[in-house]
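Undergrad: One structure is given below, represented as structure tokens, and several questions about it will come after.
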Amino acid sequence: MTRTDDLPRIFGLREAGVYYALLILLFALAAIASSRGLPPYLSGQNLGNIAYQASLIGIMGVAMTVMLITGAFDLSVASVAALSAAVLVGLAGSIGFVPAVFAALCTAAAIGLLNGAIVQFVGINAFIVTLGTLTAVRGLVLVLTGGRSLMVEDPDVLAQMLAFESTRVPLFIAGILLSAVLLGTAVWKRRPLMGAAGLCIGALILLAGPGFAVAAPVIYLAIFTLIMWALLGFTTIGRRLYAVGGNAEAARLSGINVHAYKLGAFVLSSVAAGFAGVLFGSRLGAINPTALQGAELTVIAAAILGGTSLFGGAGSVVKTVIGALLLFTLTNGFNVLNLGANYQGLIEGIVVVAAAAIYTVGGQRRVGKPKRADTAPDAPPVSEGASA
Amino acid sequence: MTRTDDLPRIFGLREAGVYYALLILLFALAAIASSRGLPPYLSGQNLGNIAYQASLIGIMGVAMTVMLITGAFDLSVASVAALSAAVLVGLAGSIGFVPAVFAALCTAAAIGLLNGAIVQFVGINAFIVTLGTLTAVRGLVLVLTGGRSLMVEDPDVLAQMLAFESTRVPLFIAGILLSAVLLGTAVWKRRPLMGAAGLCIGALILLAGPGFAVAAPVIYLAIFTLIMWALLGFTTIGRRLYAVGGNAEAARLSGINVHAYKLGAFVLSSVAAGFAGVLFGSRLGAINPTALQGAELTVIAAAILGGTSLFGGAGSVVKTVIGALLLFTLTNGFNVLNLGANYQGLIEGIVVVAAAAIYTVGGQRRVGKPKRADTAPDAPPVSEGASA
Amino acid sequence: MVRDVPLLALSGVTKTFPNGTVALAGVDLTIQPGRVHGLLGANGAGKSTLIKILSGALAPTGGDIRWRGERVSWTRPQAPREAGVATIYQHIPLVPTLTALENILLDQRAFLRHRADDRQRIGDVVASLGHPFDLDDLAGDLPIGARQMISIAQALAGGADLVVMDEPTASLAGDERQTVYDTIRRLAREEGKAILFVSHFLDEIMALTDEVTILRDGRAVLHAETADLDEARIAETIAGRAITALGRRKTRSEPGPVRLEVDAVASPGKLAPTSFTLRQGEILGIAGVLGSGRSELMHAIFGADAHATGTVRLDGAEIGRYTDEAVAAGLALVPEDRAGQGFVPQMDIARNVGLGVMAQSGAGVRRVDAKDERRCAENAIRRLGIKTPGPHALVTELSGGNAQKVVVAKWLTDRTRVLLLDEPTAGIDIGARTDILLLVRGLADEGLPVILVSSEFEELLAICDRILVMRDGRVIGEADPNETSETDLTLMAGGGDRAPAGAPA
Amino acid sequence: RQAARNAYGSAAPATGEDGRYGLSTVGLSYPFAAAIAKGFSDAAARAGASTIILDAQGSVQKQANDIDDLLAQRVDGVAVMPLDSIVAQGWVKRAGAAGIPMAAVAALVGDPATRAVDDVYPGLVALASQDEVAAGRRAGELAASLLPAGGSARIAIVEGAAGFPEVEQRARGFRAALDEAGLEYRIVASQPGNWTSEGGEAACQNILAAQPGIDLFFNEADDMVIGCARAVRAAGSDAKLIGVGGSKLAVASIKAGAVDGTVCFKPEALGALAFDSLHGGGEAGGDRFRTYPIPAVTQANVDDCVGQW
Ligand SMILES: Nc1ncnc2c1ncn2[C@@H]1O[C@H](COP(=O)(O)OP(=O)(O)OP(=O)(O)O)[C@@H](O)[C@H]1O
Ligand SMILES: Nc1ncnc2c1ncn2[C@@H]1O[C@H](COP(=O)(O)OP(=O)(O)OP(=O)(O)O)[C@@H](O)[C@H]1O
Ligand SMILES: [Mg+2]
Ligand SMILES: [Mg+2]
């Protein structure tokens, strides 16, 4: 949340660190690429690719952020996405695209509800529950697909899917306008961060050139993020979500329906995963049973890279998206620079930690508590013991 | 911890639930097996197999439990195990088995130290750090192995490895003695749980029959668990570990060196992983770069199934081992009953959640505070919130 | 004891927090063995900071500390503990997942964990405190009063030469306070230990301490023998202004209409069926000892106790059994445990205060007006005199009392129709307490019905129209403030039997 | 190892004198894929071309991204080792749209259940692969030769991880061969070993616990047969052991007599085939389905099989 007017804080590493990390990475890669005489790295197409590649993880990550903010945890997203993709691909042929999408999302929502209900009302630890559903839902996918890949035969359904997933939306004009608007409001309402964002976007757009267009999922991600950002930042819902995650007992005694909000988070996370699954299935009108396996860790990593707390009460969806972009910029960079595959893992790991370090250290220096790891200024709520 | 003398509590679901879950599962499978006219399920051989298959995860799980007790988190164990296996296999040929083992363990310890140092002194969230090392260390394995399987050529080194990993230790006598001793002390010191344990072990041993022998790793697991159990339960070191995880601030204020204990946990977890890796490498005298990929989730699952809290301050290593056994009994059951591969995931997921439910529900009814469910996950060390 | 070498001597100790707050601006303090030294000051004066410094929990920014004459620099809590300083912190840091016994033994150095003699020894210490809790209870399962007693036992078990107590009695009731006083006297008089005692209760200070130091804005503004002082003088020095002592509230001529009807509200094992009504503008006090079930009653009325039964009607309309319905209906509860139940640590003052209004205006989605929120917060800061850099400071960076004020401020809205206060003045300084009580009285005069749980019977007598006395989870009688004295009330509440708090069978 | 390192083109200049060719592998931490990559870039090196080897790390969506990245770089040809044959159809379309020749290697493009392996998916320059069903057949024939003629044989199949087409294909071929051999047999168990040695070991241990009298274990991959061999030895069973793949370890243990036989794959050859099909913008001509002989080997003829992975 950056809506107070003290510049040092807003542009301080702690608040804006992850943005810096991304920019540094982008420009480093661009430099290397040009030094190696490769085609310009910051080309419209490449930026578009990065955004496109990050879109699914981004969508799930945004929902996961809300989840983490409420202090819960969802490992089942990847499986749920695969399931909804399977439902979509399995049904689209017979009942048509739109109904199939609807069915897929409902399935996802149902699983989210199940997760939430078990966690909230049976009271089992979210980790083990969603780990269970991770396995069970993946199993369900195997059962539904009979262990084989499914595909949509019907050509016009296929066409619809492609239209839904692969249409490329020209963004040059839109981008220019957006950055203009951002700059405008920034100047008008004195929102420095917004101004900076406007500038960056403008610069990148100009770099990308007039032909700049991105695939639909990027737009979906942008819209979803925008909604969630507004919801969290400016509405009572967001306030309550943060309160629930920050101190559930206090939230409860402030008359917030903790159960409802936690349940809501579970459903949201699953539906978002479901939507990601729909996009994934629509990408090629086909789905294989192992699709998206292991993506959950990437999703959570994106959120945490974005500075979301694993313990609830803090987090920002925009930063999560940046986190996702960071991760995919990295792999994209490896591919473009044709870096020895054996070294990619090593470097990726190091960069991830380094990126996290940038704002953690920055953040600490600002607060000047190196030992924050073990100084909780006030007694932790009694309930902590309960999770035993 | 179960060392007060009120029976209802000790045998209450909350305390002993996971044992019940395992027993139920075992006997259910035994029943089905016999109804299908298969050879006796609870045979010494089969029980030995389950224990053997669970041993690596068990060893890592025990260390992970200590980790979780201190309130931290280690995703890198599987990669570390793979690395130490690679080091072992890579070096054993040239420098001999024992030095290679030593080298492997040192490598592991070094990584643990690195993890811990970054988490403690840079203050980055353990999740992101160990996720980073997960990737980086896996990358390192790739670099070391050049992407192909390594194998030990030298036959007598190979022989040593097999001797270290595959010798089967006869347990009939030992088991009988153990159960006798347990029963003895139980009666003498009035330790009901111990008595029950003694009985179960005795019964199983008798079922298993005089030929009962297990592979070395099971013994290693047993010894390691015993040590950790004693350390946690009977020494102030254990108490401090719980304190550090339960409320780091309180621990610090009572003059406990929080950093040392957390760092120690990281090192322990990595060394245990390293040891698991050594066992893994010794199995075949060979290692391929993908070895143990994804095992970290199983490890954590075992710990949490055992009732360890993700938020620190609570947990029992014995129960973690039971949790691991539970997971492997399941797959063993699938194989024995020859269940269709596509259905295994679905059932596994459901059983895991059910198992967790057994003691969670029981636990709550005992304490009679349903609102725990929503108060459990929070109680953030405030520092976490600040990491936003 | 050699009197001329003080046990502990601080000179010119300063502390500036990273966020710029100057908590201590040069404090001198000398502590003599065998004496009880009172440390006083308004909320945010710097008492806890000073204590954290001399217990090694915080490093001072300047000044020097001498222990038994030689200079020491304590940067980690180990050193002072080994030197012989035991500290009871204001925020009661305990490990919720360990038993009371384990918590008390936390700083012991022995290798073995469960030694019979330990249990014996601690058992005696706890016995000397009147068994406020069972050695095998999980600290996390105990209410705040019991947790306070654990941390006292912890400090005593160490056998230190200097016991530092930061508001040890803030969340205790009559009986427990008495035992704490007796303990302190015993330590000082018989065992010749030095005690540094922080409290906002002037009667305690007068009765217990031999000398007092008063802090204001991080400076020691007064150091004198207690004998040479009187409450009024102390109060003035603390607040830096004259304090109007609370006169008793004159019973209001015409009793207003019944607003709140509590009908057979009960909670299995904790609270026997309880019924009463609350009138327009009435302040109903609830007296009781630790664990007498006052908080449970509050929670039951507020719908915060899932097991509670019975009905609560506000202006005739029945209120649902969930907190959100209760709050929407206009009930407001200030809980007793500010850290555990009161505020959201990650949120700044403005947002914490904002939670109240937000919840009261229903569950719907609305835009939060940051400016408005900020204005409310600034209001509260002014109205309750919260000492803070501004409305955007984190609650965790406030002093205990100021944090408490934030929790109270949350419900001082015009949508509040019944105010439930559970130990609202816990840890609040004398000046602010008077202000808050006057504020509550004012609200009542404007017609707001209030239920006030307080272990400060003087407080109850001062502003309540009626007082219900609770014991062991049931209401055992009613007292009229005008013909009841503090001692009567204490007797009623204590009720002879000293059985540890527990459920009525 | 040095060789391997060069193999991944990290050392190769970014702009080759004779073109740049991309290979999208399923994951270079899988030795089989790594060997294919080696064959691919060795062939490229011989032809004086440079290569970009990408590592999908076993994730379909990363492979999709990798291919986008390759097309974005306008390489002269893309060889893809599809993680998912069906999903891969879309990639062929994309490559076609980008006008970049694409060849598949090691697994076919199209629905493996319906499409015959030698019926190469339209739009592909070529498919360089061994026929998985045929591999199953070789294993089946080997099994038939190993099993005693008389009496009904009790056979257990150790499958790969659920959800991979090879699982069904190799099993299909295996059964077919046994049927043709007119052998009397029962498949008493078929359980997943998840492609790994420890998985194979566990599966075989557990199967043996339920079915002590197994005569033959057909492991769908060599890693699993290695583990399985341990289990069989430990259980004192004399079941025969057959694998698929011809990995170094398997070859070694066949030599050592721990394993009875396997089907010999040559991933490096595959890589080379794939490159040749792409080299020169795909006009190399020749048969679109390119394969190589996959003999079954036993201790007798084990020397014919040099473990390439
Ligand atoms: N961690 C912190 N960061 C920044 N400022 C702090 C911190 N802790 C305390 N302060 C400030 O230091 C000043 C002194 O706080 P302290 O807790 O010592 O007051 P106190 O005398 O104990 O008050 P109370 O009687 O309410 O406990 C207060 O203004 C408080 O806001
Ligand atoms: N000291 C204690 N030891 C054990 N249990 C206690 C103690 N104090 C309270 N309890 C439990 O809490 C219940 C009521 O406590 P509660 O806190 O509501 O009473 P209270 O009068 O508000 O005391 P407090 O002064 O702690 O607020 C009791 O019935 C008992 O179960
Ligand atoms: Mg204080
Ligand atoms: Mg109370």
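Chains as they are written, first to last, in the numbering used here: chain A, 250 to 637; chain B, 250 to 637; chain C, 169 to 673; chain D, 103 to 411.
Beta carbons are placed, not taken as given, at the ideal position from N, Cα and C, and that holds for glycine.
1) Measure the beta-carbon distance from M326 of chain D to G302 of chain D and round it to whole angstroms, keeping in mind my assumption that it falls under 8 angstroms.
2) Given that R488 of chain A touches chain C, what residues does it touch there, using C-beta distances under 8 angstroms?
3) Report the three-state DSSP secondary structure of S254 of chain D (helix, strand or coil).
4) Just tell me which of B:A327, B:G451 and B:I536 has its CA closest to the CA of V548 of chain B.
5) What did DSSP end up calling D405 of chain D once you bin it into helix, strand or coil?
6) How is the beta strand (DSSP E) around K342 of chain D delimited, first residue to last?
7) Nearest to A577 of chain C by alpha carbon, out of C:L501, C:T602 and C:V533?
8) Give the DSSP-derived three-state secondary structure of R315 of chain C in the structure shown.
9) Could you tell me which of D:E234, D:D170, D:R176 and D:A208 sits nearest to E268 of chain D, measuring between CA atoms?
10) Thinking C-alpha only, which one of A:V418, A:L559, A:P419 and A:L448 is nearest V430 of chain A?
11) Can you give me, in chain order, the residues of the segment 548-559 of chain A that have a beta carbon less than 9 angstroms from any beta carbon in chain B?
12) Would you mind working out which of C:I451, C:P228 and C:V533 sits nearest I619 of chain C, comparing C-alpha positions?
13) For N308 of chain D, go through chain B and note every residue whose CB falls closer than 7 angstroms to its CB, in chain order.
14) Between which two residues does the alpha helix (DSSP H) harbouring L533 of chain A extend?
15) Should K215 of chain C be listed as close to ligand 3, given that the test is whether its C-beta is under 7 angstroms from any heavy atom?
16) Below 7 angstroms CB to CB, which residues in the same chain sit around A279 of chain A once its five sequence neighbours on both sides are set aside?
17) So, does the segment 468-482 of chain C touch the segment 543-553 of chain C, judging by three or more C-beta pairs under 8 angstroms?
18) Using DSSP bridges, identify the partner residues of S292 of chain D.
19) Could you name the residues of the same chain whose beta carbon sits closer than 8 angstroms to that of Q175 of chain D, not counting the 5 residues immediately before and after it, in chain order?
20) V591 of chain B versus chain A: which residues are under 8 angstroms apart at the beta carbon?
21) Output the boundary residues of the alpha helix (DSSP H) element that contains A268 of chain C.
22) Quick one: is S299 of chain D near chain B, going by C-beta distance under 8 angstroms?
23) Say the cut is 7 angstroms; is the CB of Q258 of chain C nearer than that to a heavy atom of ligand 6?
24) Any C-beta of chain D sitting closer than 8 angstroms to the C-beta of E264 of chain B?
25) Just to confirm, does D343 of chain C get its C-beta within under 7 angstroms of one of the non-hydrogen atoms of ligand 3?
26) Looking at L439 of chain C and G641 of chain C, is the spacing between their C-beta atoms short of 8 angstroms?
27) Straight-line CA distance for G508 of chain C to G495 of chain A?
28) Can you tell me which of the three DSSP states K692 of chain C falls into?
29) Using a C-beta cutoff of 8 angstroms, does S503 of chain B count as contacting chain C?
30) So does the segment 553-562 of chain B actually touch the segment 422-441 of chain B, counting three or more Cβ pairs closer than 8 angstroms?
31) For the segment 359-389 of chain A, which residues have a beta carbon sitting closer than 8 angstroms to at least one beta carbon of chain B?
32) With a threshold of 7 angstroms, establish whether the CB of Q316 of chain C neighbours any heavy atom of ligand 3.
33) Within 10 Å of its beta-carbon, does S443 of chain C have 16 or more other beta-carbons around it, so buried, or fewer, so exposed?
34) Does any residue of chain B bring its CB to less than 8 angstroms from the CB of H560 of chain C?
35) With which residues is P419 of chain A paired in a DSSP beta bridge?
36) V365 of chain D bridges to which residues according to DSSP?
TA: With the given structure in hand:
1) 3 angstroms
2) R519, G522, L523, M526 and V536
3) coil
4) B:A327
5) helix
6) K342 to I344
7) C:L501
8) helix
9) D:E234
10) A:L448
11) I549, A550, I553, L554, G556, T557, S558 and L559
12) C:I451
13) N298, N581, N584 and V585
14) From DSSP, the alpha helix (DSSP H) with L533 of chain A extends over V507 to L533.
15) yes
16) Y290 and L291
17) No, the segment 468-482 of chain C does not touch the segment 543-553 of chain C.
18) D:I259
19) Closer than 8 angstroms at the Cβ level, and outside the excluded window around Q175 of chain D, lie R122, G124 and I154.
20) Just to set this straight, residue 591 of chain B is Asn in the shown sequence, not Val. By Cβ distance, chain A contributes G388, L391, V392, G395 and G396.
21) A268 to I272
22) yes
23) Because ligand 6 does not appear in the structure shown, any question about it cannot be addressed here, the ligands present being ligand 1, ligand 2, ligand 3 and ligand 4.
24) no
25) no
26) Yes.
27) If you take the alpha carbons of G508 of chain C and G495 of chain A, they lie about 11 angstroms apart.
28) Nothing can be reported for residue 692 of chain C, as the shown portion of chain C is limited to 169 through 673.
29) yes
30) Contact between the segment 553-562 of chain B and the segment 422-441 of chain B is absent, because fewer than three Cβ pairs lie under 8 angstroms.
31) I367, V368, Q369, F370, V371, G372, I373, N374, A375, F376, I377, V378, L380, G381, T382, L383, T384, A385, V386, R387, G388 and L389
32) For ligand 3, not one heavy atom lies less than 7 angstroms from the Cβ of Q316 of chain C.
33) Per the 10 Å Cβ criterion, exposed.
34) no
35) A:A462
36) In the DSSP output, where bridge partners are listed per residue, V365 of chain D has D:A398.
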